[in-house]
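**Student:** Note that the protein sequences, when read in sequence, are chains A, B, C and D. Each residue of the first sequence is one higher than the one before, starting from 1 at the first, in UniProt numbering. Each residue of the second sequence is one higher than the one before, starting from 1 at the first, in UniProt numbering. Each residue of the third sequence is one higher than the one before, starting from 1 at the first, in UniProt numbering. Each residue of the fourth sequence is one higher than the one before, starting from 1 at the first, in UniProt numbering. Glycine included, every Cβ here is placed at the ideal spot set by N, Cα and C. Given the structure is predicted, the values throughout are model-derived calculations rather than measurements. Here it is, the structure in full.
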Amino acid sequence: MRYSAFRIFREGLTGNKGWKPVWREPDPKPEYDIVIVGGGGHGLATAYYLAKEFGMRNIAVLEKGWIGSGNIGRNTTIIRSNYLLPGNEPFYEFSLRLWEGLEQDFNYNAMVSQRSILNLIHTDAQRDAFVRRGNAMILAGADAELADADQLRAELPFLDFDNARFPIKGGLYQRRGGTVRHDAVAWGYARGADSRGVDIIQNCEVTGFDIENGRCTGVQTSRGAIRARKVAVCVAGSSSRVMEKAGMRLPIESHVLQAFVTEGLKPVIPGVITFGAGHFYVSQSDKGGLVFGGDLDGYNSYAQRGNLPVVEDVAEGGMAIMPMIGRARLLRSWGGIMDMSMDGSPFIDKTGIDGLYFNGGWCYGGFKATPASGFCYAHLLARDEPHPTATQMRLDRFISGNLIDEKGMGNQPNLH
Amino acid sequence: MIINHPLLGPRDAAEFIYLGDAALIDRPDWQAEDAMQQFHDYAYLRDNPAGPHRELWYHEQGDRSWLVVTRDTTTHEITDVQMARDVARSRGRDK
Amino acid sequence: MTQKNRISGGQIDRTRTVAFTFNGKRMAGHPGDTLASALLANGQRLVGRSFKYHRPRGILTAGSEEPNALVELRSGAQQEPNTRATTVELFDGLAANSQNHRGPLEFDLMALTDLMSPFLSAGFYYKTFMWPRAFWEKLYEPVIRASAGLGRLSMQDDPDSYDKGFIHCDLLVIGAGPAGLSAALAAGRAGARVVLADEDFTPGGRLNAETHAVDDMAGADWAAQAVAELAAMDNVRLMPRTTVYGAYDHGTYGALERCTDHLSDAGGKPRQVLWRIYSKRAVLAAGATERPIAFGNNDRPGIMLAGAVRTYANRFGVTPGQEVAVFTNNDDGWRTAADLLARGVAVPAVIDTRDAPAPIDLPGIRHVRNAAVMDTVGRKGLKSITLTDGQVIPADTLAVSGGWNPNVHLTCHQRGRPEWRDDLNAFVPGASLPAGMAVAGAANGALTLAAALAEGQAAANAQIEALGFTPAKTDAPRAEDEPSTCSAFWHVRESRKRAWLDQQNDVTVKDVKLSYREGFRSVEHLKRYTTLGMATDQGKTANIPALAIMAECTGKTIPETGTTIFRPPYTPIPLGALAGRARGTDFRPYRLTPSHNWATENGATFVEVGNWLRAQWFARPGEKGWRDSVDREVEMTRNSVGICDVTTLGKIDIQGRDAAEFLNKVYANGFAKLPVGKVRYGLMLREDGIAYDDGTTARMSENHFVMTTTTANAVLVFRRLEFARQCLWPNMDVHLISTTDGWAQFAVAGPNARNLLRKVVDESHDISNEAFPFMACSEITVCGGMPARLFRISFSGELAYEIAVPARYGNSMMDVLIEAGREFNATPYGTEALGVMRIEKGHAAGPELNGQTTAHNLGMGRMVSQKKECIGNVLSQRPDMIRDDAVKLVGVRPVNRAEPLTAGSHFVNRGETASTETDQGWMTSVAYSPSLGHSVGLGFIRRGDERMGEIVRAVNPLKGGETEVEIVSAHFIDPEGERLRA
Amino acid sequence: MPDYTLISTPPLAGYDKIFGTTRLHAPADLAIVSIALPLGAEDAALKAVKSAYGAALPEPGRSTLTKEGARLVRLGSDQAFVIFTHATPDAERAVATRLKGTAYTTDQTDVWTGLEITGPDSRTVLERICPVDLHRDAFAEGDAARTVMEHLGALIVRTGEDTFLLLSASSSANSFLHAVETSIRNTS
């Protein structure tokens, strides 16, 4: 069913009785060409692009709970491609370009809103680092713009320019950055994949992998065994737990990242703003809530909840740069489990086991990567070679020494 | 979170800095044949269980001691806390 | 406006009158009123507009679960949007305005959307606004955003102050209703340290809202007496106006105390205090929340929850209307009729969905059995109700009771799931509670007063007994155990009109059914697709009925359908309170160097370096800009002598029999054989082989070393050293302690450095080049016996020393050095000149040691010993980290010497177009070199060390423009190092 | 006679204020020397401390006041502070001589700045910034704890019925004082 204003009008006149389910609820078939483990954003996107771009149809997406119940359903909805390193920047710029045509592509309004992202600069050394980054972005075909304090004062008068502990000296803009309605991304990809014949199977937990002499031939699930030519794991947040069933140890730790939203407010903040001398980033949703976050809690956790010190640290960062939000109220906080990799960058790679593929280690950058991650994973699955923008996202880079460490924090996951 | 320090009693985890898997105590032998592989595994392949986890915390805003805390990563329940130096010795760290 | 709905009774102070305004209209109330009770007393029924359809809305509840009566409280910078009128304590001069409407509240232009509602069903926006693409940001979204949102922020800095604090207790009791009071009494009498917190300003909970008796006195009086007893115990801390909003790990709770919100003027005191409560045990006695029944047009002003109507009548002496009909599916609803009749309020009818006799005998009451309300009339205020049998009953108020939901929220904050109880048709706390928590009273499903009182006491006794206290042997307070039955009746099927579930977000029964039809059947999908329960009330009154309807659709039971996860906070918390004092210049502490006062008096401009403030340069009269000052400071230093406060560098005192061997393990280069009285440059690697920090370490005596680190890494290096000491080499005799703040340290650099120091250092110490050569160190005395330390090290490349005295003498020392240097025209210099000179000398610093570069990149690969055990040397040899084509640190200078350089530029070969593929490296640091008369830069360039003399382009598309630069040695000044050995 | 003399200007020198019933002041000439117990030779060091000060080094988290008025604070298993009144900049030597080389000593005098708060409301004041439980029964006289207050590391010692000695880094002394004064104002 194609969505349009006309369809809404027609349905409105007939009591909205004609709307059809956005996806089927099929039972699993005994065998598929490709079984994707994980019905989150990346898994659904992978299925969508496999079907749409690589002409594959016999695909199943297995989801333990309800689709979109992972980090696509619990993030701060930011999209951007303001990365530094050649192992990352072209990939994220590819992702941003996919975002730019996404809604028309899958006929679903995910509210891709390129309202800009701004990284505030507080010291000269920070400016030099952001100039290097901005230039790296432009060299990779992305957009970047350096703003000085006067320009920011004019554009964002509510920032604390006069009484700040760490004065704002400028900022690096990416105007094409912004936000997206996160749940809608999962639903749009699911709808697009389903309509192309992909079986999306909810409440189907993978309990094991069938591995015979070094080759993966299928999965055991809570709804029975499913054979597959290729098994594609895509379960960021649970990667270690799932790959353990295949006997693999990963350079990944699971950490909780809290996110927050305030009560609905009339428009206050135009784009995405991030603090450069503390942990705070914020945007405003179309519904009016200020959506914000900060640092990881910092300890390994699968609990999907955090603790008070980080809540306070984030609020302190917010009040430090925009003291006008003091009377806005925190409405809800939640925690997502991040696949924190050892250098802060992800993996899209084959594994040591034939037919078993791995996508994960997204840290807290996974949402913005959703389209490119799906596209590049689909490319790897269909062609058995990495997509040109994802050639460095390999599992063996720690033994070779080809690290992709954006923050320069080393093998310390909770600092990335 | 509250960490029950073996010497100082219950303290807010905010006084501590988290490092990770207590296996970071078991630093490999730099002269081993496969030292490179061993150091790779040591530095990059850490335990990440959904359940009890032995992990290193540093009491930076306290007595500067490193602790080995056994904490369940699904409930955050802490069942054991030891001085890391004692653990290191018991694991036969030379010198 | 007169208080036309004020009736007898209540716990308000009628001897005093409080004046306030709503939408500018003058009204009066009494101390003890909430804004809501005062509005009702004044007959103000229409108080707000709904989020999506802008429907006229009145007051639904009498508590923090209120979805409709949201106002902008106060004005100017203190304007507080989305404030629940039902929890605002009335104060003199209170000013409140309704929100989320265009034009006056009574004639909201946006109400047009209500007529469009057929086309605005759940999730409609996912299906349109896609064409043309460019229109989203430019047209659709701005329109959506402007109409969305609720209240307005003032856009001015929050003028009030906030504070935080820590409270420790044996037992935290959450909620001061019957269960909570009886719990606190039990624990308090047993001598435990008790905290009793309640969100209301008058403790007592439902005791203040009902007419039940306890121990033969009115419930409210009993509550007051209990509070008095508790207040008299010094082991009990009573915290009214305090919401315990979150249950965190290991018995830690977050609580918000509203200190001055109920006053016209805060008097300079913090508005609110955010408490972290460390409890050994807790009793949750949060009570229950009544839920409505969904029927056609059930959202009109005048339609309220039955329990709330009782609260207004019994506690505030207010009736919401003159003719109050009751619609109930349970016995409790009948109490509303009884209480109103007792106060002389007309009750035209009680409509009970059950086909059963009246549970309470109310003479002459019109009891409509086995019926329901199907529709209502009265857009801006209820006029009449239409029953399923078609009869129309005039009424200006309808009290609705759909049963009670235990407030299980805090029991779920650690992901525990509630359990369904069929007899209550409600969720009660599940088995997995937060550690140390017990639940009592209505929150636990004990919905009768006697049971609540008994459970509170029992729970508290069990909790404190586990802590070793002996409970007092007292009986639980007595109260009648009024039976109450409730039927599972969620919505009126006969209703054709829209029936509201989430009144704030305008989610109706139809929307839930649509959500089902489109496949959004998991409760989380329902919530996210329809926005059910996402409003400021978090669906406290809406979620369960909606769940019930989804269960009907799917043919599952309600527990099978599930419940959404409750997350902190229980009620919304201002960001100002969460931040506390940390804002403005108080965001983080300031660290000042020992000579800060001297610098201030001598025209320094300061710069933040971490939390430190350092002198950046010292402007002199006549200098037109910072460049003038910096160039002068560099020239004077290189030509004669300059002085710089370098106290911020980390200093670590290292002692022990194994100290030398320890240093040999933590530094990549050798330290075992460093002689006493010598200093050595040391490079530290991370275990992953990346260059981490550098500095010098001096051997003061056989077992005593003094290490310096970079300012930025002082704390982290100390942490890593402790890790190495305790975890890696636990049997070494090594001891570490930071002395960063203890010594005021000054760099004295320049050809005249020695001549200057000779005037300060006591003569007993020979500091001639022979006796005290480059890289020497010694404990000395200055100015006649003052203990000091002298290091002959140079960051500037000049003949230079660093001299340290106890910090308390630092400000004076700066004076002395300048004074003694007057004959040499000595100059103080700041971090800018320091930076210029280190770039001229080619020393790596922060921009080069950024955590991404190796010793190999820095040209220090040979320093990394492979002949000893040390941190990082193994992994530093990974193939991709020692490639020949890796970037190498070099110097660059503009081909056209007049051109400036920009740090952050990327290097591209001549004739190649700049792209990720052709990227040759980047410029890390730049400076104008007054010594050379042109700009110089440091940077990493692929194979840079093999490309000396080659010309590449430094491109900077971000700012536009590019510069041709020549690759040269990074040592622009004195490459042979003759000066520093002079 | 040297041409130049150095003047001592420690932060908060001479600070002494009364707020209602609360007195906050910076003790004059507060000297601090750290003692580290050599690995394997702890007993000798402990013995030396006892004979030098007539009091045994207490357990971690505790402090003892010696007859001559020096306070021995045990910070951890192998580290302690001696806090005493001493005007000249040679406190470390004074302690080292007494311990006769049985322990490693480092002068900490200028690393820290001291504030003493006293009065019946001192706990109400400190409760706003100090995460440690300072209840009479939970934090007895002589108890000592290193913790963090308003982003600043601090050492708190209960030196009397309602009296607490607070030590924090000397470079951030003004910010620390500001934090304590703000607590007093907010709770008065």
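Identify whether ILE211 of chain A lies in helix, strand or coil by the three-state DSSP scheme.
**Tutor:** The residue you call residue 211 of chain A lines up with position 211 of the first sequence. The answer is strand: DSSP assigns ILE211 of chain A an E or B state.
**Student:** With 7 Å as the threshold, decide whether the Cβ of MET319 of chain A is near any Cβ in chain C.
**Tutor:** In the first sequence, counting from the first residue as 1, residue 319 of chain A sits at position 319. Yes, contact with chain C.
**Student:** Helix, strand or coil, according to DSSP, for PRO323 of chain A in the structure here?
**Tutor:** Here residue 323 of chain A is taken as the residue at index 323 of the first sequence, counted from 1. PRO323 of chain A: helix per DSSP, three-state reduction.
**Student:** At which residues does the alpha helix (DSSP H) containing PHE94 of chain A begin and terminate?
**Tutor:** Taking the first residue of the first sequence as 1, we reach residue 94 of chain A at position 94. Unbroken alpha helix (DSSP H) run through PHE94 of chain A: 89-106.
**Student:** Give the range of the beta strand (DSSP E) segment to which VAL887 of chain C is assigned.
**Tutor:** The sequence position of residue 887 of chain C within the third sequence is 887, counting from 1. Run containing VAL887 of chain C: 887-894, per the beta strand (DSSP E) assignment.
**Student:** Thinking C-beta only, is ALA577 of chain C closer than 7 Å to TYR162 of chain C?
**Tutor:** On the third sequence, residue 162 of chain C is found 162 positions in, with the first residue counted as 1. On the third sequence, residue 577 of chain C is found 577 positions in, with the first residue counted as 1. Yes, these two residues count as a Cβ contact at 7 Å.
**Student:** Terminal residues of the continuous beta strand (DSSP E) containing ASP352 of chain C?
**Tutor:** For the purposes of this step, residue 352 of chain C is taken as residue 352 along the third sequence, with counting starting at 1. Taken as a continuous stretch (DSSP letters only), the beta strand (DSSP E) holding ASP352 of chain C covers 350-352.
**Student:** Give, in chain order, every residue of the segment 119-149 of chain C whose Cβ lies closer than 7 Å to some Cβ of chain A.
**Tutor:** The residues in question are PHE119, SER121, PHE124, TYR125, TYR126, LYS127, THR128, PHE129, MET130, ARG133, TRP136, GLU137, GLU141, ILE144, ARG145, ALA146, ALA148, GLY149.
**Student:** What did DSSP end up calling TRP729 of chain C once you bin it into helix, strand or coil?
**Tutor:** Along the third sequence, read from residue 1 onward, the residue named residue 729 of chain C stands at position 729. TRP729 of chain C falls in the coil class under three-state DSSP.
**Student:** Can you confirm whether the segment 332-342 of chain C touches the segment 386-406 of chain C when touching is taken to mean that 3 or more C-beta pairs between the two stretches lie within less than 8 Å?
**Tutor:** As far as the Cβ criterion goes, the segment 386-406 of chain C touches the segment 332-342 of chain C, which means the pair count is three or higher.
**Student:** Identify whether MET786 of chain C lies in helix, strand or coil by the three-state DSSP scheme.
**Tutor:** Position 786 of the third sequence holds residue 786 of chain C. If DSSP states are grouped into helix, strand and coil, MET786 of chain C belongs with the strands.
**Student:** Is GLY293 of chain A helix, strand or coil when you go by DSSP?
**Tutor:** Taking the first sequence and counting its residues from 1, the one referred to as residue 293 of chain A is at position 293. Three-state result, GLY293 of chain A: strand.
**Student:** Along the chain, where does the beta strand (DSSP E) containing ILE17 of chain B start, and where does it finish?
**Tutor:** In the second sequence, the residue the question calls residue 17 of chain B occupies position 17. Per DSSP, ILE17 of chain B belongs to the beta strand (DSSP E) from 17-21.
**Student:** Under 9 Å Cβ-Cβ, which residues of chain A neighbour GLY20 of chain B?
**Tutor:** Counted from its first residue, the second sequence places residue 20 of chain B at position 20. Those within 9 Å of GLY20 of chain B in chain A are GLU253, TYR299, ASN300, GLN412, PRO413, ASN414.
**Student:** Kindly indicate which three-state DSSP category MET149 of chain D falls into: helix, strand or coil?
**Tutor:** By 1-based counting over the fourth sequence, the position of residue 149 of chain D is 149. It is a strand residue.
**Student:** Cutting at 7 Å between CB atoms, please list the residues of its own chain near HIS856 of chain C, excluding the five before and the five after it.
**Tutor:** Working through the third sequence from its first residue, we reach residue 856 of chain C at position 856. Result list for HIS856 of chain C: MET881, ILE882, ALA886, in chain order.
**Student:** Please list, in chain order, the chain C residues whose beta carbon lies closer than 7 Å to that of residue 192 of chain D.
**Tutor:** Nothing about residue 192 of chain D can be read from this structure; chain D reaches only from 1 to 188.
**Student:** Short of 7 Å in beta carbon distance, which residues of its chain neighbour ARG16 of chain C, apart from the five on each side in sequence? Order them along the chain.
**Tutor:** Numbered from 1 along the third sequence, position 16 holds the residue referred to as residue 16 of chain C. For ARG16 of chain C, where only same-chain residues beyond five positions count, the Cβ hits under 7 Å are HIS30, PRO31.
**Student:** Quick one: is LEU152 of chain A near chain C, going by C-beta distance under 7 Å?
**Tutor:** Start at 1 with the first residue of the first sequence, and residue 152 of chain A comes out as number 152. Not one chain C Cβ lies under 7 Å of LEU152 of chain A.
**Student:** Can you pull the chain C residues whose beta carbon is under 9 Å from the beta carbon of GLY336 of chain A, in chain order?
**Tutor:** Here residue 336 of chain A corresponds to residue number 336 of the first sequence, with the count starting at 1. Those within 9 Å of GLY336 of chain A in chain C number zero; the least Cβ separation is about 12 Å.
**Student:** Hey, out of C:THR916, C:ALA535, C:MET155, C:GLU722, whose CA is closest to GLU263 of chain A's CA?
**Tutor:** Taking the first sequence and counting its residues from 1, one reaches residue 263 of chain A at position 263. Looking at the Cα atoms, C:ALA535 is the closest of the given residues.
**Student:** For PHE176 of chain D, tell me which candidate among D:ALA52, D:ARG62, D:HIS151 has the shortest Cα-Cα distance.
**Tutor:** Translated into positions along the fourth sequence, residue 176 of chain D becomes position 176. For PHE176 of chain D, the nearest C-alpha among the options comes from D:HIS151.
**Student:** Just checking, does the segment 1-14 of chain A make contact with the segment 34-49 of chain A on the three C-beta pairs under 8 Å criterion?
**Tutor:** Flag = no, the segment 1-14 of chain A and the segment 34-49 of chain A do not touch.
**Student:** By the 10 Å Cβ neighbour count, where 16 or more other Cβ atoms means buried, how is residue 418 of chain A classified, buried or exposed?
**Tutor:** Since the first residue shown for chain A is 1 and the last is 416, residue 418 of chain A is missing from the structure and cannot be characterised.
**Student:** Where ASN543 of chain C and LYS513 of chain C are concerned, what is the direct C-alpha to C-alpha distance, given to the nearest angstrom?
**Tutor:** In the third sequence, counting from the first residue as 1, residue 543 of chain C sits at position 543. In the third sequence, counting from the first residue as 1, residue 513 of chain C sits at position 513. Rounded to whole angstroms, ASN543 of chain C to LYS513 of chain C spans 14 Å at the Cα level.
**Student:** Would ALA142 of chain A count as contacting chain B if we go by Cβ distances under 7 Å?
**Tutor:** Translated into positions along the first sequence, residue 142 of chain A becomes position 142. False, the Cβ-Cβ gap to chain B never drops below 7 Å.
**Student:** Applying the 10 Å Cβ sphere with the 16-neighbour rule, what's the burial state of LEU153 of chain C?
**Tutor:** Along the third sequence, one-based indexing puts residue 153 of chain C at 153. The residue in question, LEU153 of chain C, is buried, as its Cβ has 16 or more Cβ neighbours within 10 Å.
**Student:** For a test of the three-state rule: what should DSSP assign to CYS486 of chain C, helix, strand or coil?
**Tutor:** Against the third sequence, residue 486 of chain C aligns to sequence position 486. Strand.
**Student:** Since PRO406 of chain C and GLY445 of chain C are thought to touch, with beta carbons under 8 Å apart, how far apart are those beta carbons, to the nearest angstrom?
**Tutor:** Within the third sequence, the letter at position 406 stands for residue 406 of chain C. Within the third sequence, the letter at position 445 stands for residue 445 of chain C. Indeed, because the Cβ distance is near 5 Å, the residues count as touching under 8 Å.
**Student:** Determine the extent of the alpha helix (DSSP H) in which ILE8 of chain A is found, giving its start and end residues.
**Tutor:** As a first step, residue 8 of chain A is located in the first sequence; it is residue number 8 there, counting from the start. 5-13 is the span of the alpha helix (DSSP H), which, as asked, contains ILE8 of chain A.
**Student:** Quick one: using the 10 Å Cβ neighbour count with 16 as the cut-off for buried, is THR474 of chain C buried or exposed?
**Tutor:** In the third sequence, counting from the first residue as 1, residue 474 of chain C sits at position 474. That one is exposed.
**Student:** Compute the beta-carbon to beta-carbon distance between SER34 of chain D and THR106 of chain D, rounded to the nearest angstrom, for a pair I have assumed lies under 8 Å.
**Tutor:** Walking along the fourth sequence from the start, residue 34 of chain D turns up at place 34. Walking along the fourth sequence from the start, residue 106 of chain D turns up at place 106. Going by Cβ atoms, the distance from SER34 of chain D to THR106 of chain D rounds to 5 Å, so yes, they are a contact pair.
**Student:** Pick out the complete alpha helix (DSSP H) segments inside the UniProt domain "SoxA A3" (497-581) of chain C, 4 residues or longer, and give them in chain order.
**Tutor:** Listed in chain order, the complete alpha helix (DSSP H) runs (minimum 4 residues) inside the UniProt domain "SoxA A3" (497-581) of chain C are 509-517, 523-530, 543-554, 558-561, 575-579.
**Student:** Which chain B residues are close to THR147 of chain D, counting only those with a beta carbon under 9 Å from its beta carbon?
**Tutor:** As a working note, residue 147 of chain D is residue 147 in the fourth sequence. Those are ARG11, ASP12, GLU15, GLN61, GLY62, listed as they occur along chain B.
**Student:** Counting pairs of Cβ atoms below 8 Å between the segment 770-780 of chain C and the segment 660-679 of chain C, do you hit three or more?
**Tutor:** Short answer: they touch.
**Student:** Using the beta-carbon count (16 or more within 10 Å), is LEU139 of chain C buried or exposed?
**Tutor:** Residue 139 of chain C sits at position 139 when you count from the first residue of the third sequence. Exposed, because fewer than 16 other Cβ atoms sit within 10 Å of the Cβ of LEU139 of chain C.
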